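Chains as they are written, first to last, in this note's numbering: chain A, 1 to 280; chain B, 1 to 280.
There are 2 protein chains.
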Amino acid sequence: MNVRKHLARRKALVERELGRILARGTDRIYEAMRHAVFGEGKRFRPLLVLSAAEALGADAALVLPFACGLEFIHTYSLVHDDLPCMDDDDMRRGRPSCHKAFGEDAALLAGDALLTLAFEVMAGAQVPRRLGPVRNQIILEAARRAGVDGMIGGQWLDISYTKDRSEALEELMRKKTGALIILSVRAGALMAGAKKTQLAALTEYGEKIGLAFQLRDDLIDAAETSKKPGLQKPNFTAFAGPEKARRDLIEHVSVACAALKGGRIDSPVLRELAERLLVY
Amino acid sequence: MNVRKHLARRKALVERELGRILARGTDRIYEAMRHAVFGEGKRFRPLLVLSAAEALGADAALVLPFACGLEFIHTYSLVHDDLPCMDDDDMRRGRPSCHKAFGEDAALLAGDALLTLAFEVMAGAQVPRRLGPVRNQIILEAARRAGVDGMIGGQWLDISYTKDRSEALEELMRKKTGALIILSVRAGALMAGAKKTQLAALTEYGEKIGLAFQLRDDLIDAAETSKKPGLQKPNFTAFAGPEKARRDLIEHVSVACAALKGGRIDSPVLRELAERLLVY
């Protein structure tokens with residue numbers, strides 16, 4: 001298998017399905033939702049959903065709704081994060097942020113709509129009857145990990161972060177980015193009927209690449225911030241130094257791949273997704 | 001049965017359960033969520049969920065998670081609606097609005113968290129195994145009716161409303177307020193195993209009291225706005241005049257009660273909830 005070609009095909013599958021779901025409306029609010037979802041996007045989370053499921057022998061089609069649902073949750077969090085009362089970012093995914101292009105009120109509602117749509121798409125997923133309880137478990141986990149004790153809690157720590165509480169930094173990383181990445185891997189695994197040891201291995205893989213993902217983001221941000229020193233966001237690189245951040249990043253990716261091996265999950269695709277995080 | 005006493009007891013049950021769910025966190029973000037949920041609230045939607053279920057012989061306890069979930073969805077919509085980029089309201093439920101008390105960023109996240117919590121509470125509802133598919137149907141309906149083609153679509157119409165598009169006013173009313181009220185009645189009915197005719201009757205009841213609810217709100221708003229003429233919001237009373245609005249309100253309540261009768265649903269409690277809308 002050519003792993004890169006496979007991932008490019010899977011990304012195209014995700015793009016088509018996201019487009020299909022968002023094509024149903026023509027209002028300006030739908031335009032704002034499409035603006036937020038499209039543009040440059042790595043689709044890292046949907047690829048994790050699909051790859052985890054396929055690593056265990058399941059069909060990509062079975063988990064596609066969950067892949068799209070998690071991308072909608074991720075996108076809504078970006079839209080709300082970019083709002084003036086939060087990070088006040090003008091650009092996102094290589095284009096003006098949603099509120100810059102459509103206004104704050106439309107961006108607020110488009111974010112709300114994407115979050116709600118995520119649950120619609122997951123609850124509406126056509127699955128075999130016996131997988132009904134698994135679908136419910138994924139919806140429950142999605143709500144928990146995206147909620148106030150997960151991703152939203154991480155965003156809250158992010159905005160209320162003060163330098164004298166730097167011990168909160170790993171909690172912030174785990175919640176803000178990690179929660180949704182773990183969820184992506186687990187959603188694919190659960191739908192594929194993962195055995196207990198497989199689910200544990202994939203959960204550890206998800207935890208480690210979640211941390212690696214945030215470190216990579218921090219390294220990129222720190223490099224950019226050194227050019228604009230005014231900005232001071234919670235950042236592990238700024239806190240522990242770039243050498244330590246790079247060492248940790250490599251370590252997390254390595255442990256993630258070891259977890260796959262330990263769980264006897266032979267997936268060049270999941271390894272590739274982890275190793276991509278080393279390049280920035 | 002003393003209907004008023006019964007409803008007061010059911011309201012207390014809802015308050016206790018909302019408090020129990022929100023007691024699990026101590027962070028300021030949880031404080032903001034509690035601030036938004038408590039204060040003066042009629043709990044109209046949760047009472048509809050419980051009353052529809054009990055009218056068909058089901059236990060209140062079975063549907064309590066859905067009652068709370070729908071109240072969380074309603075509350076999140078108020079929190080986001082009150083934000084400066086939307087209606088910019090300083091007061092809500094007899095106290096400062098969430099962003100006035102906690103700041104815009106906290107209010108934005110508290111709203112997001114309440115919406116997400118709604119799905120957590122519904123997906124986490126303990127129901128007998130045979131009712132798993134019904135739970136999923138309610139979650140799906142909740143996402144649809146609260147989403148961009150329902151409540152959020154109504155809020156979008158509300159902010160993008162212009163006087164020369166007054167034919168959009170009924171669509172606005174149906175979506176913005178109606179969607180969640182219909183959902184409340186249907187959630188209770190579905191969990192109670194409503195027969196087709198019962199579900200149809202209760203859905204019609206929900207539709208009509210949804211319209212009545214919005215007309216009542218408009219009549220109250222119009223009376224207040226006449227004191228502060230600067231404000232111009234989409235308002236059926238302002239459009240068609242208070243006499244017409246009052247006649248329609250009475251008509252909707254009457255049709256709602258007739259729908260119950262037609263579906264052979266003898267519920268003094270549901271009648272009382274409809275008739276309360278005549279008092280303002």
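Heads up, the beta-carbon is just placed ideally off N, CA and C, and yes, glycines get one too.
Just so we're clear, the structure is a prediction, and the values are computed from it rather than from any experiment.
message: Please state the DSSP three-state secondary structure of B:Met-91.
response: strand
- prompt: Is there a Cβ from chain A that is less than 8 Å from the Cβ of B:Thr-116?
  reply: yes
message: Starting from A:Phe-66, trace the alpha helix (DSSP H) in both directions and tell me its first and last residue.
response: 60 to 82
- request: Using a Cβ cut-off of 8 Å (strictly closer), state whether B:Arg-95 contacts chain A.
  value: no
Bridge-paired residues (DSSP) for B:Pro-96: B:Met-91
query: How do the region 119 to 129 of chain B and the region 145 to 163 of chain B stand: do at least 3 beta-carbon pairs fall below 8 Å, yes or no?
result: no
field: Assumed close pair B:Val-49, B:Ser-184 - CB separation to whole angstroms, cut-off 8 Å
entry: 5 Å
task: Return the first residue and the last residue of the alpha helix (DSSP H) that B:Phe-119 is part of.
output: 104 to 123
query: If you draw a straight line from the C-alpha of B:Ala-245 to the C-alpha of B:Ser-254, how long is it?
result: 14 Å
- request: Could you round the C-beta distance between A:Ala-60 and A:Glu-54 to whole angstroms and report it? I think they count as a contact, below 8 Å.
  value: 6 Å
Residues near A:Leu-199 in its chain [Cβ-Cβ closer than 6 Å; skip 5 each side]: Cβ within range, chain order: Ala-189.
field: Close beta carbons around B:Ile-182, own chain, < 8 Å, minus the five adjacent residues each side
entry: Arg-145, Thr-203, Gly-206, Glu-207, Gly-210
task: Could you list which residues in chain A have their beta carbon closer than 9 Å to that of B:Pro-133, in chain order?
output: Arg-129, Gly-132
- request: Step through the CB atoms of chain A and report whether any lies within less than 8 Å of the CB of B:Asp-89.
  value: At a cut-off of 8 Å between C-beta atoms, B:Asp-89 does not count as an interface residue with respect to chain A.
- prompt: Between the region 141 to 154 of chain B and chain A, which residues of the former have CB atoms less than 8 Å from a CB of the latter, in chain order?
  reply: Ala-142, Ala-143, Arg-144, Ala-146, Gly-147, Val-148, Asp-149, Ile-152, Gly-153
- request: Tell whether a beta-carbon distance below 8 Å holds between A:Leu-273 and A:Leu-47.
  value: yes
- prompt: Using a Cβ-Cβ cut-off of 7 Å (strictly less than) and excluding sequence neighbours within five positions of B:Thr-197, which residues of its own chain qualify?
  reply: Gly-263
message: I want to see whether chain A comes within less than 8 Å of B:Asp-27, judged by CB atoms only; does it?
response: yes
- prompt: If you measure beta-carbon to beta-carbon, which residues of the region 188 to 206 of chain B are closer than 8 Å to chain A?
  reply: From the region 188 to 206 of chain B, no residue has a Cβ closer than 8 Å to chain A.
query: Taking Cβ to Cβ, would you say B:Gly-147 is nearer than 8 Å to A:Thr-75?
result: Not closer than 8 Å, so no.
- request: Report all residues from its chain with a CB closer than 7 Å to the CB of A:Glu-171; omit the five preceding and five following residues, and keep chain order.
  value: Within its own chain, the residues whose Cβ lies closer than 7 Å to the Cβ of A:Glu-171, once the five positions on either side in sequence are excluded, are Leu-157, listed in chain order.
field: chain A within 8 Å of B:Asn-136, Cβ atoms only
entry: yes
B:Glu-243, buried or exposed, once every other Cβ within 10 Å from all chains shown has been counted against 16: B:Glu-243 comes out exposed.
message: In this structure, how does DSSP classify A:Asp-218 when only helix, strand and coil are distinguished?
response: Correct three-state label for A:Asp-218: helix.
- request: Kindly say whether A:Glu-31, judged by its beta-carbon, lies nearer than 8 Å to any beta-carbon of chain B.
  value: no
- request: Confirm, please, whether the CB-CB distance from A:Cys-85 to B:Asp-90 is below 8 Å.
  value: no
message: Quick check on A:Asp-105 - is its C-beta less than 8 Å from some C-beta in chain B?
response: yes
- prompt: If you follow the alpha helix (DSSP H) that B:Lys-5 is part of, which residue opens it and which one closes it?
  reply: 3 to 22
task: For A:Lys-233, count neighbouring C-beta atoms within 10 Å of its own C-beta (all shown protein chains included) and say buried if the count is 16 or more, exposed if not.
output: Classification for A:Lys-233: exposed.
task: Just tell me which of B:Phe-102, B:Gln-137, B:Arg-20 has its CA closest to the CA of B:Cys-68.
output: The residue with the shortest Cα to Cα distance from B:Cys-68 is B:Arg-20.
- request: Name the residue from A:Phe-38, A:Gly-57, A:Phe-119 whose alpha carbon lies nearest to the alpha carbon of A:Pro-65.
  value: Nearest C-alpha to A:Pro-65: A:Phe-119.
message: Let me confirm a value: B:Gly-39 is counted as buried when at least 16 other C-beta atoms fall within 10 Å, else exposed. Which label applies?
response: exposed
task: Helix, strand or coil for B:Pro-234, going by three-state DSSP, please let me know.
output: Reduced to three states, the DSSP call for B:Pro-234 is coil.
message: According to DSSP, is A:Ala-192 part of a helix, a strand, or is it coil?
response: coil
- prompt: Given a threshold of 16 other Cβ atoms within 10 Å of its Cβ, counted over all protein chains shown, does A:Arg-276 qualify as buried or as exposed?
  reply: buried
message: Closer than 8 Å between beta carbons: that is the criterion. Which residues of the region 167 to 179 of chain A meet it against chain B?
response: none
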